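Numbers in the working numbering are just positions in the sequence shown, counted from 1, shifted up by 102.
Virtual Cβ for every residue (Gly too), placed ideally from N, Cα, C.
Since the model is a prediction, treat every value here as computed from it, not as a measurement.
Just below is one structure, and these are the notes that go with it.
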Amino acid sequence: MALVLLTVQCTESAFFRLGDVQMNIFAILNHMGVFFKEEPVRQLHAALEKAGYDVVYPVDDKDLIKMIEMNPRICGVLFDWDKYSLELCERISKVNEKLPVHAFANEQSTLDISLTDLRLNVHFFEYALGMADDIAIKINQATQEYKDAIMPPFTKALFKYVEEGKYTFCTPGHMGGTAFQKSPVGSIFYDFYGPNTFKADVSISMPELGSLLDHSGPHKEAEEYIARTFNADASYIVTNGTSTSNKIVGMFSAPAGSTVLVDRNCHKSLTHLMMMTDVTPIYFRPTRNAYGILGGIPQSEFSREVIAEKVANTPGASAPSYAVITNSTYDGLLYNTQFIKESLDCKHIHFDSAWVPYTNFNRIYEGKCGMSGEAMPGKVFYETQSTHKLLAAFSQASMIHVKGEFDRESFNEAFMMHTSTSPQYGIVASTETAAAMMRGNTGRKLMQDSIDRAIRFRKEIKRLKGESEGWFFDVWQPENIETTECWKLDPNQDWHGFKNLDDNHMYLDPIKITLLTPGMSKDGELEQSGIPASLVSKYLDEHGIVVEKTGPYNLLFLFSIGIDKSKAMQLLRGLTEFKRGYDLNLTIRTMLPSLYREDPAFYEGMRIQELAQGIHDLTRKYQLPELMYKAFDVLPEMKVTPHVAWQQELRGQTEEILLNEMVGRVSANMILPYPPGVPLVLPGEMVTDSSRPVLDFLEMLCEIGAHYPGFETDIHGLYRQKDGSYTVKVLKD
C-alpha cells in the first residue's frame, strides 16, 4: 500500500547517536476507534518498542500538550489527522517547534496545508497493515534529526568524540577515568560522577574540537551560536566565572594610566581589576534604602557635567574611557540601559550582569539589558553574565557579550591572559547548552514559566499575610502586580523606600523576591519588637532551604528556571512553620538545633522570641537605618589608587591595627561584609571623621557576632583575634 510521507530525507552522517542518553519516549494519541486504524497503531507500537522506544498514550489532546510540557525526553508524537489536524500541530509548536509530529491519514483525508504550515515539522503516514517496520524507521530517522537539530555545535562535537572512544597518550592523566578505577578512593570518586564526566574531560590536543583560546573549530561555532542567541556581535565563553569575565573586559578597555568610572556597588572582582592595573577610579554613587537594599545610580551621575566635576576633583584623573555599571543589582533592580548608553560619554560601557543571564528571553526585559537595542557609533557595549547563576550550566560558566566595533585581536590577548590553556570542556559545553535551552519557543516558555511561578508565589505570600493572625512575612513590591512586567520604581510611590528617584529609570525584576520580616518600616523606623531575618534564614537552612541573601529584616530568593512548584511549596511551608514555632516561642534547642550546638551553655533554655528581641535591640541601639545611610553617604577618601596600595602591601609596607583605630589611616585591603559582597572601604582609602559611620557599621556587625554565637558576619578584610577583637591592614605612614 502507498506510504504518504512529507519529510526531508537525511543520510546517517547528518545526525549522531547519543549513546546512553535517553530521549526515547514516543507519544501516541490513540482514539482511532475502528479496526483499520487500530491495527496499524498496534503493529507500530510493537515495532517502536523493538527499536528501543518507550511508547506512552495520553488520555486526550490536552493531556498530550501537558505531557510535552512536563517531559522534555519525548522525542515525537503521533495522532490521527482526521480527528485533530493542523490545530493540534500549532499547539505543539508553541511548546516545542522542533518536536517531530507524525500523523496517520487515510486516502480520503484532506491535506489542506500551505507552505508555511509545512514548517510545523509534520510527517504523514497512511493507515496500512504490514508497514509498521518501515514507519518505525522513518520515525527513528526523524528522531535522530530532531536530536541533531537541537544540539549546539561544540556539545555535539564533544559527544561525538566521546562516543568514538579514541585511545589517547596525552593529558589529562586520568585517561577518561581509567586511572581513578585503579585506586579504592579513586573508584568511589569515579562511581559518584559517572563515566561520561571523565570521558568528556579531554585535552586541548584534540583538533576536531578546536580551541577555546584561538576561537577555532567547534569552539568558534559555539561562540557564534551564543552571540546569535544573545543578540550580540561577538560572545566569549569564560570557564572561570564572571569575576574573570569582568577582568578581561576591564583590562582590554582600561589601559594603565587611564581613568575609569566604577559603580560603587561593584563586585569585588572589579576592585581586583583596579588592584591589578594602574588606573584611577572615579565612583558612581548609588542609592540604598532603609532595608539595606542596593538601589541604582541616579541619572545625574551619568551626565557630562557631573563626571567632569568628579574628574576635576580627583588628582591624576582624566577623561574616562571605560565605565562599569552593575545591572541588575544584587536585589534585582534593572536600569533603563538605553538611557545610560545614550547619556554616558564613554567609549567602553560595561554592564556587569552576572545575576541576569536570562534577560534576552522575555519581552519584559527589553531595554533593560546590555545587549538590548542596536550598536551606537563610537561606543562599545559589554555584558558579562554568570551563566551558571540563573541558567542551567556548571559552576564557573560565564559569558562575555560585545556589541560594537572593537579590536578582536587585542581583546583576545586579554582573554588569553585570564584563561587556562586547559579549559574544562564540560563547562564549555554546559555554557553552550544553556544558550541552546533558551532558544525558540522552548526557551521563551522556560522563562515565562519562571516569571509566572514567581508572581504566583508573591501573591500567595500576600494572601497568607492577609489571612494570618498577628504577623506574617510581607513582600517588597508595588501594590498592583497583576501585570506581568518589570515593575517601575515610581518616584510618586513609597513602597520601595528610595528617596529622590528618577522616573523611568529603575525596575524590579519579578523573579527576584525579597521577603520582609517584622521590625522595621519602609521609612526605616524601628519598631519596639522585631524578627531579624537572620533567624528565619537559619531556620530555613535547618530544613534544607538556602536563602540567597539575608539582610537585617529582609531575605532574597531567586526564582530561576530551575525552581519548580514543589520547591516553591517547600519554601512556603518553611515560612509558615517558622511562624508557628515563633508564635509558640519554642526553645532554640528545639527550633534551631544547629545554632544551639554552636554554644549549648549560652543557648540553654533560651527561647526564639528572646533571641529575636535581643538582636533587634542591638539593631535599635545602633539605629541601623540611619547608620547605613551615613555609612554609604560619605565615602572614605582615596589617598592612593588601589593598584598603588596593593603594590605597597606586596613590598611589606603595611601593619595591622585595631578596627577602632582606623580613622586617619589608609586601608591596604578592601573591606566588605557578606552579604552582599559590596566593598565599604577600598584599598588606598582613608576613613576620616566624616566617614566614621563606615566603622560604626562594621563595629555593629562585629558586636552582634560577639553577643550571639553563630551570628558572626563574614567580613572580608577584617581579622578576628583570639581575644575577640578585630584588626585591619593599613599602609605604614
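Handout entry: Cβ-based neighbour list, residue 815, same chain, cut-off 8 Å, excluding 5 preceding and 5 following
Key = Your numbering for residue 815 matches position 713 in the sequence shown. Correct list, in chain order: 775, 776, 803, 804, 806, 807.
Practice task
Please determine if the stretch 763-773 and the stretch 399-410 are in contact, where contact requires at least 3 C-beta pairs separated by less than 8 Å.
Solution key: no
Handout entry: Cβ neighbour criterion (16 or more within 10 Å) applied to residue 219
Key = By 1-based counting over the sequence shown, the position of residue 219 is 117. Any reading at residue 219 must be qualified, since the residue scores a pLDDT of 49, below 50, and its modelled position is unreliable; the value itself is stated next. With fewer than 16 Cβ atoms within 10 Å of its Cβ, residue 219 is classed as exposed.
Handout entry: Nearest-angstrom Cβ-Cβ length linking residue 433 and residue 658, presumed shorter than 8 Å
Key = As a working mapping, residue 433 is identified with position 331 in the sequence shown. As a working mapping, residue 658 is identified with position 556 in the sequence shown. Going by Cβ atoms, the distance from residue 433 to residue 658 rounds to 6 Å, so yes, they are a contact pair.
Handout entry: Inter-residue Cα distance where the pair is residue 494 and residue 540
Key = Position 392 of the sequence shown, counted from the start, is the residue given in the question as residue 494. Position 438 of the sequence shown, counted from the start, is the residue given in the question as residue 540. One C-alpha to the other measures close to 10 Å.
Practice task
From the DSSP output, in three-state form, read off residue 573 for me.
Solution key: Taking the first residue of the sequence shown as 1, we reach residue 573 at position 471. Three-state DSSP puts residue 573 in coil, outside helix and strand.
Problem - Contact under 7 Å by Cβ, residue 338 with residue 502 - result: As a working note, residue 338 is residue 236 in the sequence shown. As a working note, residue 502 is residue 400 in the sequence shown. Cβ atoms of residue 338 and residue 502: closer than 7 Å.
Practice task
Please specify which runs of the beta strand (DSSP E), each continuous and at least 3 residues long, are wholly inside the stretch 551-619, giving them in chain order.
Solution key: 608-610, 614-618
Practice task
Report the three-state DSSP secondary structure of residue 177 (helix, strand or coil).
Solution key: Position 75 of the sequence shown, counting from 1, holds the residue named residue 177. Three-state DSSP puts residue 177 in a strand.
Exercise for the section: List the DSSP bridge partners of residue 226. Expected result: On the sequence shown, residue 226 is found 124 positions in, with the first residue counted as 1. 205, per the DSSP bridge assignment.
Exercise for the section: Could you tell me whether the Cβ atoms of residue 670 and residue 655 are closer together than 7 Å? Expected result: Numbered from its first residue, the sequence shown carries residue 670 at position 568. Numbered from its first residue, the sequence shown carries residue 655 at position 553. No, the pair does not count as a contact, with Cβ atoms beyond the cut-off.
Exercise for the section: Would you check if the distance between the CB atom of residue 477 and the CB atom of residue 446 is smaller than 7 Å? Expected result: If you number the sequence shown from 1, residue 477 lands on position 375. If you number the sequence shown from 1, residue 446 lands on position 344. No.
Problem - Contact between the stretch 343-356 and the stretch 365-375 (3+ Cβ pairs under 8 Å) - result: yes
Handout entry: Sequence-distant residues of the same chain with beta carbon closer than 6 Å to residue 525, five excluded per side
Key = Position 423 of the sequence shown holds residue 525. Cβ neighbours of residue 525 beyond the five flanking positions: 314, 341.
Problem - Neighbour-count burial assignment, residue 828, 16 or more Cβ in a 10 Å radius - result: Looking up residue 828 in the sequence shown gives position 726. Burial call: buried.
Practice task
Give me the Cβ distance between residue 455 and residue 486, rounded to the nearest whole Å; I'm assuming they're in contact under 8 Å.
Solution key: Translated into positions along the sequence shown, residue 455 becomes position 353. Translated into positions along the sequence shown, residue 486 becomes position 384. Contact holds; Cβ gap of about 6 Å.
Problem - Span of the beta strand (DSSP E), counted from its first residue to its last, around residue 156 - result: The count along the sequence shown starts at 1 and reaches residue 156 at position 54. Note, residue 156: beta strand (DSSP E), 156-158.
Practice task
Could you tell me if residue 114 is buried or exposed, where buried requires 16 or more neighbouring beta carbons within 10 angstroms of its beta carbon?
Solution key: In the sequence shown, counting from the first residue as 1, residue 114 sits at position 12. With a pLDDT of 35 at residue 114, under the threshold of 50, the modelled position of that residue is not reliable, and the figure given next carries that caveat. Per the 10 Å Cβ criterion, exposed.
Practice task
Compare the Cα-Cα distances from residue 725 to each of 627, 150, 358 and report the closest residue.
Solution key: By 1-based counting over the sequence shown, the position of residue 725 is 623. Per the Cα distances, 627.
Practice task
Check the C-beta distance from residue 661 over to residue 613 and give it rounded, since I have them as a contact under 8 Å.
Solution key: Residue 661 sits at position 559 when you count from the first residue of the sequence shown. Residue 613 sits at position 511 when you count from the first residue of the sequence shown. Yes, they are in contact, since the Cβ atoms of residue 661 and residue 613 sit about 4 Å apart, within 8 Å.
Handout entry: Simplified DSSP state of residue 685, which is helix, strand or coil
Key = For the purposes of this step, residue 685 is identified with residue 583 of the sequence shown, where counting begins at 1. Helix at residue 685.
Problem - Per-residue DSSP class, three states only, for residue 200 - result: As a first step, residue 200 must be located in the sequence shown, where it is residue number 98. Three-state DSSP puts residue 200 in coil, outside helix and strand.
Handout entry: Distance, residue 528 Cα to residue 542 Cα
Key = The residue given as residue 542 occupies position 440 in the sequence shown. The residue given as residue 528 occupies position 426 in the sequence shown. If you take the alpha carbons of residue 542 and residue 528, they lie about 24 Å apart.
Exercise for the section: Use the C-beta contact count for residue 830: other C-beta atoms within 10 angstroms, 16 or more gives buried, fewer gives exposed. Expected result: The residue labelled residue 830 in the question sits at position 728 within the sequence shown. Result: buried.
Handout entry: For residue 647, the nearest candidate out of 632, 629, 668, 633 (CA to CA)
Key = What you label residue 647 is simply residue 545 of the sequence shown in a count that begins at 1. Taking only the C-alpha atoms, the option nearest residue 647 is 668.
Handout entry: beta strand (DSSP E) segments (min. 3 residues) lying fully within the stretch 442-513
Key = 450-454, 482-487, 500-505
Exercise for the section: Can you give me the Cβ contacts of residue 217 inside the same chain, cut-off strictly under 6 Å, excluding the 5 residues immediately before and after it? Expected result: Taking the sequence shown and counting its residues from 1, one reaches residue 217 at position 115. With a pLDDT of only 43 at residue 217, under the threshold of 50, the placement of this residue in the model should not be trusted; the figure read from the coordinates follows. Hits under 6 Å: none found.
Practice task
Kindly indicate which three-state DSSP category residue 718 falls into: helix, strand or coil?
Solution key: One-based indexing of the sequence shown puts residue 718 at position 616. Residue state, collapsed to three classes: helix.
Practice task
Give a yes or no on whether the minimum CB-CB distance between residue 181 and chain D is below 7 Å.
Solution key: Going by chain labels, chain D is absent from the structure shown, which holds only one protein chain.
Exercise for the section: Label residue 760 either buried or exposed according to how many other C-beta atoms from any shown protein chain fall within 10 Å of its C-beta, with 16 as the threshold for buried. Expected result: As a first step, residue 760 must be located in the sequence shown, where it is residue number 658. When all chains shown are included, residue 760 counts as exposed.
Problem - Sequence-distant residues of the same chain with beta carbon closer than 6 Å to residue 273, five excluded per side - result: Here residue 273 refers to the residue found at position 171 when the sequence shown is read from its first residue. Cβ neighbours of residue 273 beyond the five flanking positions: 305.
Practice task
Kindly confirm or deny that the stretch 786-803 and the stretch 732-749 touch, where touching means at least three C-beta pairs closer than 8 Å.
Solution key: yes
Problem - Between the CA atoms of residue 589 and residue 809 - distance to the nearest angstrom - result: Sequence index remark: in the sequence shown, residue 809 carries index 707 (1-based). Sequence index remark: in the sequence shown, residue 589 carries index 487 (1-based). Straight-line Cα distance between these residues: approximately 40 Å.
Handout entry: The beta strand (DSSP E) enclosing residue 429, as first and last residue numbers
Key = Mapped onto the sequence shown, residue 429 falls at position 327. No beta strand (DSSP E) contains residue 429, which DSSP labels as neither H nor E.
Problem - residue 656 in three-state terms, based on DSSP - result: On the sequence shown, residue 656 is found 554 positions in, with the first residue counted as 1. It is a strand residue.
Practice task
Figure out for me which residue from 703, 431, 536 has the closest Cα to the Cα of residue 328.
Solution key: Mapped onto the sequence shown, residue 328 falls at position 226. For residue 328, the nearest C-alpha among the options comes from 536.
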